[in-house]
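Engineer:
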Amino acid sequence: MNMKKTKKIAALVASIATLFMSSCDSTGTVGYKPTVTGQSYELLVVGDQKVWRDSVGIRMKDSLTHEMPCMPQMEKFFDVSYTPTEGFTGILKPVRNILFYEIDPTMYTQSKMGASRDNWAETQAVLRITSPSKDSLEAFFNNNIEAIRRFYINAENERVVRFFGKFRHVDYCDSVRKRFGAELIIPSSLTQARFEKDFAWFSNGNPDFTENIVIYRMPYNDESDFIKDNLLYYRDSVMKAYVGGPSDGSYMTTRYEIMPPESTVLPTVDGRYSVEIRGLWRIEGDIMGGPFVSRSYLDPENKNIITVEAFIYRPNKSKRSAYRQLEAMISSVKFNAQETPEQ
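Following my numbering, the numbering of the sequence shown begins with 42 at its first residue and continues without gaps.
1. Got a sec: does the ligand COA put a non-hydrogen atom nearer than 7 Å to the Cβ of residue 296?
2. Is residue 200 closer than 8 Å to residue 226 when the C-beta atoms are compared?
3. Below 8 Å on the Cβ atoms is my guess for residue 15 versus residue 249; work out the distance and round it to an integer in Å.
4. Within the same chain, show all residues whose beta-carbon is closer than 7 Å to that of residue 300, passing over the 5 residues directly before and after it, in chain order.
5. From what residue to what residue does the alpha helix (DSSP H) around residue 273 run?
6. Could you tell me whether the stretch 101–117 touches the stretch 129–139, where touching means 3 or more Cβ pairs closer than 8 Å?
7. Could you tell me the alpha carbon to alpha carbon distance between residue 83 and residue 262, rounded to whole angstroms?
8. Which partner residues does residue 350 have in the DSSP bridge list?
9. Would you say residue 256 faces chain B, with C-beta separation under 8 Å as the test?
10. Relative to the C-alpha of residue 205, which residue among 230, 216, 194 is closest?
11. Run through DSSP, which three-state label would residue 83 get?
12. Check whether the stretch 251–260 touches the stretch 347–360, counting contact only when three or more Cβ pairs, one atom from each stretch, lie closer than 8 Å.
13. Short check: CB of residue 147 to CB of residue 85, under 8 Å?
14. Taking the alpha helix (DSSP H) that residue 90 belongs to, which residues open and close that run?
15. Near residue 97, what residues of its chain come up, given a Cβ to Cβ distance below 7 Å and the 5 sequence neighbours on each side ignored?
16. For the alpha helix (DSSP H) that residue 370 lies in, which residues bound it at each end?
17. For residue 93, which option in 144, 282, 113, 107 has the closest C-alpha, if you only look at C-alpha atoms?
18. Can you tell me whether residue 117 is helix, strand or coil according to DSSP?
19. Assess, as a yes-or-no matter, whether the stretch 333–347 is touched by the stretch 264–273 under the definition of 3 or more beta carbon pairs within less than 8 Å.
20. Just the Cα atoms here: how many angstroms apart are residue 155 and residue 88?
21. With distance defined between alpha-carbon atoms, name the residue in 244, 197, 115 nearest to residue 78.
22. For residue 150, count neighbouring C-beta atoms within 10 Å of its own C-beta (all shown protein chains included) and say buried if the count is 16 or more, exposed if not.
23. When the Cα atoms are used, what is the spatial distance from residue 167 to residue 157?
24. For a test of the three-state rule: what should DSSP assign to residue 222, helix, strand or coil?
25. Could you tell me if residue 115 is buried or exposed, where buried requires 16 or more neighbouring beta carbons within 10 angstroms of its beta carbon?
26. What's the call for residue 365, buried or exposed, on a 16-neighbour Cβ count within 10 Å?
27. Return the residue from the list 164, 184, 152 that minimises the CA-CA distance to residue 172.
28. Can you give me the C-alpha to C-alpha distance between residue 191 and residue 105, rounded to a whole angstrom?
29. Between which two residues does the beta strand (DSSP E) holding residue 291 run?
30. How far does the beta strand (DSSP E) with residue 328 in it extend, from its first residue to its last?
So this is what it looks like as structure tokens:
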């Protein structure tokens with residue numbers, strides 16, 4: 042290990058130790074749980090070192106660091122670090138996301154997974170997988186990788202919503218509630234807005250690192266309206282009308298070639314059918330593009346579909362954190378049945 046890396050690790054350990062010690066009173070007893078440490082989407086794996094270095098551990102790491110779908114450049118689901126079981130000491134306990142695995146044929150007859158929260162720090166997310174063998178661990182992990190990813194993604198989403206819920210743009214949130222009957226977090230950093238009939242667009246207005254949330258309404262006729270192609274057709278028509286590019290006559294549309302958009306039927310929200318679409322957007326008539334994620338919800342009372350979308354523009358730089366933050370906000374949307382939205 043080179044000296045630079047050694048110093049960097051030592052500094053990190055020292056900072057974590059300082060934070061952990063600050064959560065104790067003068068007698069050394071813990072008065073409250075510290076806040077989690079580490080950056081968003083960092084994940085610490087804890088378990089037997091031989092297993093981690095074996096093919097099982099390699100495949101586990103590959104699955105956790107797999108490329109996120111529908112991104113213009115390679116972005117990993119998680120940044121994974123590892124420590125052996127005996128190395129999991131006090132200074133590592135406040136880490137935000139932790140995955141334990143344990144193999145013991147004398148204690149376990151089948152692989153199981155347990156989830157817990159706030160074990161050693163507030164908002165912490167912990168999974169523990171126990172297995173009787175390496176083969177059983179590998180099979181279980183492969184069969185449950187989507188649920189494992191989703192558990193940690195949901196934990197990160199909850200942290201984002203918890204934080205930005207305190208720093209929301211009150212006026213814009215009120216406008217969304219009145220116009221669409223939806224409770225949606227619009228962060229105070231999105232200082233620019235455009236309102237049209239059945240449409241609202243919020244942006245930070247930074248041309249080099251643009252963050253955006255869009256919400257719009259379309260009429261609902263039948264189930265075919267939720268087919269991916271039909272949702273995207275309406276998306277393109279709305280974006281062409283209201284989201285212009287930097288050049289005269291340029292406008293936003295969906296990129297269909299190379300990496301086609303993907304759609305997923307989601308669990309119902311407030312009893313409403315919903316579909317998620319991930320894809321890439323581009324500007325017709327200019328050279329701009331980036332990732333977007335949208336969620337379309339059935340509004341059965343008013344026979345509408347309400348779509349909430351997040352998209353960003355950050356050329357040649359990582360987009361994961363900003364993209365995931367906006368995704369967390371649109372995924373937290375709630376609909377107020379008592380509020381009659383403006384039509």
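Glycine included, C-beta positions come from ideal geometry on N, C-alpha and C.
Structural biologist: This is what the structure holds:
1. Inclusion of the ligand COA in the displayed structure is not the case, the ligand content being empty and no account of it being possible.
2. In the sequence shown, counting from the first residue as 1, residue 226 sits at position 185. In the sequence shown, counting from the first residue as 1, residue 200 sits at position 159. Contact flag unset, no.
3. This structure cannot speak to residue 15, because the chain is shown only from 42 to 384.
4. Here the question's residue 300 lines up with position 259 in the sequence shown. Closer than 7 Å at the Cβ level, and outside the excluded window around residue 300, lie 111, 321.
5. Indexing the sequence shown from 1 puts residue 273 at position 232. For residue 273, the enclosing alpha helix (DSSP H) covers residues 269–283.
6. no
7. As a working mapping, residue 83 is identified with position 42 in the sequence shown. As a working mapping, residue 262 is identified with position 221 in the sequence shown. In a straight line, the C-alpha of residue 83 is about 43 Å away from that of residue 262.
8. Taking the first residue of the sequence shown as 1, we reach residue 350 at position 309. Residue 350 pairs with 255, 335.
9. In summary, chain B is missing from the structure at hand, where a single protein chain is found.
10. Taking the sequence shown and counting its residues from 1, one reaches residue 205 at position 164. If we check each option's Cα against that of residue 205, 230 comes out closest.
11. Here residue 83 corresponds to residue number 42 of the sequence shown, with the count starting at 1. Per DSSP, reduced to three states, the secondary structure at residue 83 is strand.
12. yes
13. Locating residue 147 in the sequence shown gives position 106, where the first residue counts as 1. Locating residue 85 in the sequence shown gives position 44, where the first residue counts as 1. In this structure, residue 85 does not lie closer than 8 Å to residue 147 by Cβ.
14. Here residue 90 refers to the residue found at position 49 of the sequence shown. Residues 90–94.
15. For the purposes of this step, residue 97 is taken as the residue at position 56 of the sequence shown. Once the five neighbours on either side are set aside, the close Cβ partners of residue 97 are 175, 178, 179.
16. Here residue 370 refers to the residue found at position 329 when the sequence shown is read from its first residue. 361–372 is the span of the alpha helix (DSSP H), which, as asked, contains residue 370.
17. To locate residue 93, count along the sequence shown from 1; it is residue 52. Each of 144, 282, 113, 107 was checked against the Cα of residue 93, and the nearest Cα belongs to 144.
18. Here residue 117 corresponds to residue number 76 of the sequence shown, with the count starting at 1. Correct three-state label for residue 117: strand.
19. yes
20. Walking along the sequence shown from the start, residue 155 turns up at place 114. Walking along the sequence shown from the start, residue 88 turns up at place 47. Rounded to the nearest whole angstrom, the C-alpha separation of residue 155 and residue 88 is 15 Å.
21. In the sequence shown, residue 78 corresponds to position 37, counting from 1. For the residues 244, 197, 115, the minimum Cα distance to residue 78 belongs to 197.
22. Stepping through the sequence shown from its first residue, residue 150 is reached at position 109. Exposed is the call here.
23. Residue 167 sits at position 126 when you count from the first residue of the sequence shown. Residue 157 sits at position 116 when you count from the first residue of the sequence shown. When rounded, the distance between both Cα atoms is 5 Å.
24. Locating residue 222 in the sequence shown gives position 181, where the first residue counts as 1. Coil at residue 222, not helix or strand.
25. The residue labelled residue 115 in the question sits at position 74 within the sequence shown. Exposed, since its Cβ has fewer than 16 Cβ neighbours within 10 Å.
26. Stepping through the sequence shown from its first residue, residue 365 is reached at position 324. Classification of residue 365: buried, given that the 10 Å Cβ count is 16 or more.
27. Taking the sequence shown and counting its residues from 1, one reaches residue 172 at position 131. Checked all of 164, 184, 152; the closest Cα to residue 172 is 152.
28. Taking the first residue of the sequence shown as position 1, residue 191 is located at position 150. Taking the first residue of the sequence shown as position 1, residue 105 is located at position 64. Cα to Cα, the separation comes out at about 11 Å.
29. For the purposes of this step, residue 291 is identified with residue 250 of the sequence shown, where counting begins at 1. Careful: residue 291 lies outside any beta strand (DSSP E) and carries neither H nor E.
30. For the purposes of this step, residue 328 is taken as the residue at position 287 of the sequence shown. Where residue 328 is concerned, there is no enclosing beta strand (DSSP E), given that its DSSP letter is neither H nor E.
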